[in-house]
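For the sequence shown, the working numbering begins at 442 and goes up steadily by one.
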Amino acid sequence: MKSGKLSWLVVLVLLAALGLYVPGNAAEIIYEDDIVQNVVTKDVLVRTAENVIVLMDASKSMAFDNRKYKKQNYLLQKEALAAGNSRLPDLGYNVGIYIYSPDWKEIYPVGKFDSIKVAESMKQLPPKAAGNTYLAAGLDKLENVLKNLTGRTVVYLFSDGGWENATGKKDPGDKAAELGLKYNVSFMIVSYAEDPDGVKRVKDMSKANVNSRIIPFDSYIANPYYALGPLYYTMSLKTDEITAKRKIIGIKIDDINFDYDKFELKPKEKDELNQVGQFLQANPKNFVAVQGFCDNRGSADYNMKLSRDRAEAVTDYLVKNFNLDSTIVVTMWYGDMNPIADNGTADGRAKNRRVEITITDLRYLSR
């Protein structure tokens, strides 16, 4: 037997032992370096926004200890910002960092992203959290920043939903919706809200537009993909190269496809998702990235919502049927961005109506 055939036999035996290979199985094993001879898959990061704004809360509502991490929320917020700065790829973003409460303060004025300069600017952050929460005033100040920007903007807003309810100030939910419409801005509300009023207000702000969402504070701290996912997606390119056998770090399932204008899962797609669920149950150190897309028929907002519905349908199926911790299933949606086939043909549009799923070892991502 030739050595090439022998090496593939060893690989198939290994995969069968791990429960990842059966004839006709749609699962694709992902390696730290590709095991397929003469083919290496390389990821290219595609930017989905031009501007990234972070609004930090330094008010006394952040001075309480986090029950899970046994550390003050304000310190966790600063640590999360530092971690995000170190992990953000340099794709040409404009970045701005501001404290919105108790007083508006410019930490890093909007400008070209420079990780070293951002880290240096963070030394200006107050050592302790104190003072009242002026959320409505902060959103008014944010508008002065947004009016000078071009392109899509993602705003990360740390909030427990508290606000000053001052005369002449709009409710934060209404103000967020106004800014979202006027300035092409999406809000990522990093929420540590607990009281009913705060929870409702956070939800209202997350409805600014279909691109906006709530990111639970604990999830934002624990999983870096929550912070980075809204800012870019991954496009895989294959190049010819001779590679060695490497460690398995996850699997990728064939795209989950949908009928036109639908987000219901079909039996074949559920069969593939069952492979994902079984793998995650057997490998608890992994997490799954779920990315929704659609073809280019329909308006941009409608397509964004449809891709969101599709991604959430996949997430709901995995969490409910395999009793998974929802924090390890990270859901993102991108509308009609990143088509993989020609939208001018029926077959191409069918391929673009999809959810992409990638399972990765979280320890590998965080290195």
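Using N, Cα and C, we set each Cβ at its ideal position, and we do this for glycine too.
On a predicted model such as this, the values are computed, not experimentally measured, just so you know.
CA-CA distance, Ala571 and Glu605?
-> As a working note, residue 571 is residue 130 in the sequence shown. As a working note, residue 605 is residue 164 in the sequence shown. Looking at the backbone, the Cα of Ala571 and that of Glu605 are separated by about 15 Å.
Hey, out of Ser767, Cys735, Asn492, Asn664, whose CA is closest to Asp783's CA?
-> The residue labelled residue 783 in the question sits at position 342 within the sequence shown. Nearest option by C-alpha distance: Cys735.
Does the Cβ-Cβ distance between Asn811 and Gly718 come in under 8 Å?
-> Only positions 442 to 808 of the chain appear in the structure, and residue 811 is not among them; the question remains open.
Exposed unless 16 or more other CB atoms sit within 10 angstroms - verdict on Glu561 = The sequence position of residue 561 within the sequence shown is 120, counting from 1. With fewer than 16 other CB atoms across the displayed protein chains lying within 10 angstroms of its CB, Glu561 is exposed.
With distances taken between CB atoms, is the gap from Pro543 to Ala607 smaller than 8 Å?
-> Here residue 543 is taken as the residue at index 102 of the sequence shown, counted from 1. Here residue 607 is taken as the residue at index 166 of the sequence shown, counted from 1. Their beta carbons are not under 8 Å apart, which means Pro543 does not touch Ala607 by this criterion.
Could you check where the beta strand (DSSP E) with Arg654 kicks off and where it finishes?
-> Start at 1 with the first residue of the sequence shown, and residue 654 comes out as number 213. Run containing Arg654: 654-657, per the beta strand (DSSP E) assignment.
Where Gln722 and Ala578 are concerned, what is the direct C-alpha to C-alpha distance, given to the nearest angstrom?
-> Position 281 of the sequence shown holds residue 722. Position 137 of the sequence shown holds residue 578. One alpha carbon belongs to Gln722, the other to Ala578, and they sit about 46 Å apart.
By how many angstroms is the C-alpha of Asp615 removed from the C-alpha of Leu583?
-> Mapped onto the sequence shown, residue 583 falls at position 142. Mapped onto the sequence shown, residue 615 falls at position 174. Between Leu583 and Asp615, the alpha-carbon positions lie close to 14 Å from each other.
Span separating the alpha-carbon of Lys588 from that of Gly621 | Reading the sequence shown from its first residue, position 147 is the one you call residue 588. Reading the sequence shown from its first residue, position 180 is the one you call residue 621. Spanning the two alpha carbons is a distance of roughly 12 Å.
Beta-carbon proximity check, Ser556 vs Asn526, cutoff 8 Å | Locating residue 556 in the sequence shown gives position 115, counting from the first residue. Locating residue 526 in the sequence shown gives position 85, counting from the first residue. By the CB criterion at 8 Å, Ser556 and Asn526 fall inside the cutoff.
Which of helix, strand or coil does DSSP assign to Arg790?
-> Position 349 of the sequence shown holds residue 790. Reduced to three states, the DSSP call for Arg790 is helix.
Can you give the Cα-Cα distance for Arg417 and Leu566, rounded to whole angstroms?
-> Because residue 417 is not part of the residues shown, which for the chain are 442 to 808, the question remains open.
Rounded C-alpha distance that separates Asp695 from Glu713 | As a first step, residue 695 must be located in the sequence shown, where it is residue number 254. As a first step, residue 713 must be located in the sequence shown, where it is residue number 272. Cα to Cα, Asp695 sits roughly 8 Å from Glu713.
Which residues in the same chain as Arg751 place their Cβ atom closer than 6 Å to its Cβ, once the five residues preceding and following it in sequence are excluded?
-> As a working note, residue 751 is residue 310 in the sequence shown. Excluding its 5 nearest sequence neighbours in each direction, Arg751 has C-beta neighbours in its own chain below 6 Å: Phe699, Phe704, Gly733, Val796, listed in chain order.
From this set, Asp581, Ile494, Tyr633, Val640, which residue's C-alpha is nearest Leu590's C-alpha?
-> For this step, residue 590 is matched to residue 149 along the sequence shown. With distances taken between Cα atoms, Leu590 lies closest to Ile494.
In or out: Ala754 buried (at least 16 other Cβ within 10 Å) or exposed?
-> Taking the sequence shown and counting its residues from 1, one reaches residue 754 at position 313. It counts as buried.
Burial state of Val485 (16 or more Cβ within 10 Å) = Translated into positions along the sequence shown, residue 485 becomes position 44. When all chains shown are included, Val485 counts as exposed.
What is the residue span of the alpha helix (DSSP H) that Gln722 lies within?
-> Residue mapping note: residue 722 aligns to position 281 of the sequence shown, counting from 1. Element bounds for Gln722: 708-723.
Touching or not, the region 658-675 and the region 768-786, by the rule of three or more beta carbon pairs under 8 Å?
-> A contact exists between the region 658-675 and the region 768-786.
Keeping to the same chain, check which residues put their C-beta closer than 7 Å to that of Glu547; ignore five residues upstream and five downstream.
-> Numbered from 1 along the sequence shown, position 106 holds the residue referred to as residue 547. Only Tyr539 meet the Cβ criterion.
Are Asp601 and Tyr633 touching if we call contact CB-CB under 8 Å?
-> Within the sequence shown, residue 601 is the residue found at index 160, counting from 1. Within the sequence shown, residue 633 is the residue found at index 192, counting from 1. Taking 8 Å as the cut-off, the beta carbon of Asp601 is found closer than this to the beta carbon of Tyr633.
Mind checking Asn492: buried by the 16 CB within 10 Å criterion, or exposed?
-> Translated into positions along the sequence shown, residue 492 becomes position 51. Classification for Asn492: buried.
C-alpha gap between Val551 and Arg738, whole angstroms = In the sequence shown, the residue the question calls residue 551 occupies position 110. In the sequence shown, the residue the question calls residue 738 occupies position 297. Distance between Val551 and Arg738, taken at the CA atoms: about 35 Å.
Assign Tyr462 to one of three DSSP states: helix, strand, or coil.
-> Looking up residue 462 in the sequence shown gives position 21. Interpretation of Tyr462 is limited by its pLDDT of 38, a score under 50 that renders its predicted location unreliable; the figure taken from the coordinates is listed afterwards. The three-state reading of DSSP puts Tyr462 in coil, since its state is none of H, G, I, E or B.
Following the continuous alpha helix (DSSP H) through Lys703, name the residue where it begins and the one where it ends.
-> Position 262 of the sequence shown, counted from the first residue, corresponds to residue 703. For Lys703, no alpha helix (DSSP H) segment is defined, and its DSSP state is neither H nor E.
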